[in-house]
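What follows is a single structure, written as structure tokens, with notes after it.
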Amino acid sequence: MPLDMEKKEDELLRRPLYLYDLPQEVLDTLSLKTDAEGQEQQVIEQGIGRPSDESPDLTTESVAGSQACSLCGVVFPTIQEQKSHLKSDYHHYNLKQKIRGHKPVSEAEFEKLIENLDESLSGSDSSDTEDEDDEPSKKDTTLTALLKKQATLAERKQGNEVDEEDGARKKKPTPGKHPLLWFGSPVLPENTYFGLYRAMFSKEELEKQEDILEAIKRRQLPPIAMPKPSKNGAPAPSSYKGPHIFLCMIGGGHFAAMVVSLAPRQTKSAGPLNREATVLAHKTFHRYTTRRKQGGSQSANDNAKGAAHSAGSSIRRYNEQALIQDVRELLQDWKGLLDTSDLLFIRATGSTNRRTLFGPYEGQVLRANDPRIRSFPFNSRRATQNELMRSFIELTRLKVQEINPVATPDASKTPGASAPAKPAKPAAPKLSEEEETALLHTSQLQALIRRSKLPALLSYLSTNSLDPNFRFHPPDSQQNHHAPTPLHLAAAHNSAALVSGLLVRGGADPTAASAEGRTAFELAGDRATRDAFRVARSELGEGGWDWEGARVPAPLRREEAEGRAGRERAEREAAEAERRRAEEERLRAQGGPTGGKVRPGRALAAGLQKTAQEAREEEARGMTPEQRVRLERERRARAAEERMRRLQAGG
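Numbering follows the UniProt record's numbering, with no gaps: position 217 of the sequence shown is 217.
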């Protein structure tokens, strides 16, 4: 091959090629590889692999790059994509297959296995508005659900299997078509082909080879100049009539949708024209609808076991309806763009998610029988805007891969029996509705106590009809073992205001003891908190509780407690002022003309800085966390005002 041709070939393959923006030399030389389906091949490309009976030979560096997964038979152009694959459910499933002595599956086959599951795949990507506390456990992924489902089906099959003597015959599954079409071109090296997804073409275009090539040429679009979309994801002006596609993912309470123009956007740069995708509209939603640590939507659980009566289930039911309303309102707002879209790529696993999109309901926008609808022919992660853009690039970008026929395996070289599967770890016991509700209340109450939110704490107890002596769940955890009730936890946090409010206004029982036999008073770490118990004893009277059993000392009137606190504060301030005066005198004496080696200014500044720190610590003693935050905010405000005054005076 001439040197100039090799250089031109390298330049062509070095930059990404997209279906709607192909160079003329590629368009003029494309030819469909007609024998791709008739031959048994090892197809390696980014995101989809068809492993052979033996491990793929990845020693020869491919065009796309040298990063590879020998288990799944996939080569990646970048290390980032390889790392993402190693974290995916697809790779983990093939690891499970290898441990059990089974053959790995291709990604297309893995997609078929999970298409009937109710929840979407878990991934590392997340939207900006997500609340991590609302997420299901990372251990509770689609991979876990798939393995459990396969185990259940295997048990049923073993129990219901009919002997061959009765005439029963097993029907072999018909292999589906490969999701990629492969095209040859003289601009590519030997045995290297371009790959395009079948989903980008219509049924009529796929019937004839000439129609596919002509369809590719018709899809070439000139670059357009369009304003950037608004930050809130509002649709582009209705005057836009160019070709575009709609992409949508929904599952696990996550929804993401995007409308992307197919025509490349043209901008001027230092070199050649830079073309990039133009997002006409985008929007993401997230609602807490999944039962934490158990998986599955609340509606699916209600249909299987009946309606649950808990705070968590009520919240999830409300959020499911709110998500349905938000999604349908968005589809109605985008109706103009959806009606004119060339293709509609939708991932909606589970009947609940499909009903959200396809109804039926009044004013329905999407129809399940729309011929433009396609599924994503590759593995996808959580529904986010970044995932939709990644999917759009994956759909429209040409794959450049080497395809070699796979040699027929020799029966004499068939390996022996595989190693026995490792015993599976015992599954964690599922929580009941009561336990799940107790966990929810525990997390909410403890969060309010840590933040010293007394009105919100009392309101939560009243709204949810909870006993003020509510026992945190699970009781065997370390924190709940030492501080099992709200009063115990408030005392342990030295929150005098919370202790007083829970006793006087909330009706908390001071005699309640922890598993160690300690009352809340015994957990108080400062005198202000202990005085709050004594003041409550004075205000509630001796007949309310067994104060002696609660280990609370003699009652103390509120005026006495406040007066004593005021006197002690005044004494501390006077002692601190005297100490600072003596320290200043000492530093002046050391820094005089006959004195030491330290200059007066620096010695005095160092001494004053140290005493100021001690003063701040002394002033914050006995305060609640909320009071400390307020005090620190006031200090910073005064310091900022002082800096501004000095700047103005200096100017």
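Note that the Cβ used here is the ideal one computed from N, Cα and C, for glycine as well.
Can you find the residues in the same chain that come closer than 7 Å, C-beta to C-beta, to P186, ignoring five residues on each side of it along the sequence?
T29
So what's T463 in DSSP terms, helix, strand or just coil?
helix
Grab the span of the alpha helix (DSSP H) containing G650 for me, first residue to last.
625-650
Flag this pair as yes or no: are the beta carbons of S470 and P484 separated by less than 7 Å?
Note that residue 470 is Phe in the sequence shown, not Ser. It is not a contact, given that the beta carbons lie outside the stated cut-off.
For the alpha helix (DSSP H) containing G563, name the first residue and the last one.
558-590
Where does F201 fall in DSSP's three states?
coil
Pull up the CB-CB distance for A512 and T519, whole angstroms please, since I reckon it's below 8 Å.
7 Å
Can you tell me which residues form a DSSP beta bridge with D342?
In DSSP, D342 forms no bridge with anything.
Would A536 and L498 qualify as a contact pair, given that the criterion is a beta-carbon distance under 7 Å?
no
Roughly how many angstroms separate the alpha carbons of L323 and A108, rounded to a whole number?
30 Å
Helix, strand or coil: which one does DSSP assign to V105?
coil
Proximity of R372 and L331 at Cβ, strictly below 7 Å
no
Comparing alpha-carbon positions, which option in S88, R100, P475 lies nearest F110?
S88
Across the segment 351-364 and the segment 387-397, are there enough close Cβ pairs to call them in contact, namely three or more that are closer than 8 Å?
no
Does DSSP put P475 in a helix, in a strand, or in coil?
coil
Measure the Cβ-Cβ separation of G251 and R287 and say whether it is below 7 Å.
no
Counted within 10 angstroms of its Cβ, other Cβ atoms place R636 as buried (16 or more) or exposed:
exposed
With DSSP as the reference, label L280 as helix, strand or coil.
strand
Over what stretch of residues does the beta strand (DSSP E) that includes I245 continue unbroken?
244-251
Which ranges would you report for the beta strand (DSSP E) in the segment 322-408 if only whole runs of at least 3 residues count?
344-348, 399-405
Residue range of the alpha helix (DSSP H) that V535 falls in?
527-540
In three-state DSSP terms, what is R14?
helix
Drop a sphere of 10 angstroms on the beta-carbon of P377, count the other beta-carbons inside from all chains shown, and report buried for 16 or more, exposed for fewer.
buried
If we count the other Cβ atoms within 10 Å of its Cβ and call it buried at 16 or more, is G596 buried or exposed?
Confidence at G596 is low in this model, with a pLDDT of 44, below 50, so the placement of that residue should be treated as unreliable; the coordinate-derived value is given next. Exposed: under 16 other Cβ atoms inside 10 Å.
Can you tell me where the beta strand (DSSP E) with L180 in it begins and where it stops?
180-184
Taking the alpha-carbon positions, what's the G101 to C72 distance?
15 Å
Does the beta-carbon of Q401 have 16 or more other beta-carbons within 10 angstroms, so that it is buried, or is it exposed?
buried
Count the other CB atoms, across all protein chains shown, that sit within 10 Å of the CB of E320; report buried if there are 16 or more and exposed otherwise.
buried
So, at 6 Å on beta carbons, what are the nonlocal neighbours of A368 in its own chain, with the 5 sequence-adjacent residues on each side left out?
F358
S380 versus S391: straight-line alpha-carbon distance, rounded:
8 Å
Out of E387, A383, G350, T340, which one is the CA nearest neighbour of D370?
T340
Report the three-state DSSP secondary structure of F110 (helix, strand or coil).
helix
To which residues of the same chain is D526 closer than 7 Å at the C-beta, ignoring the five residues directly before and after it?
N494, G622
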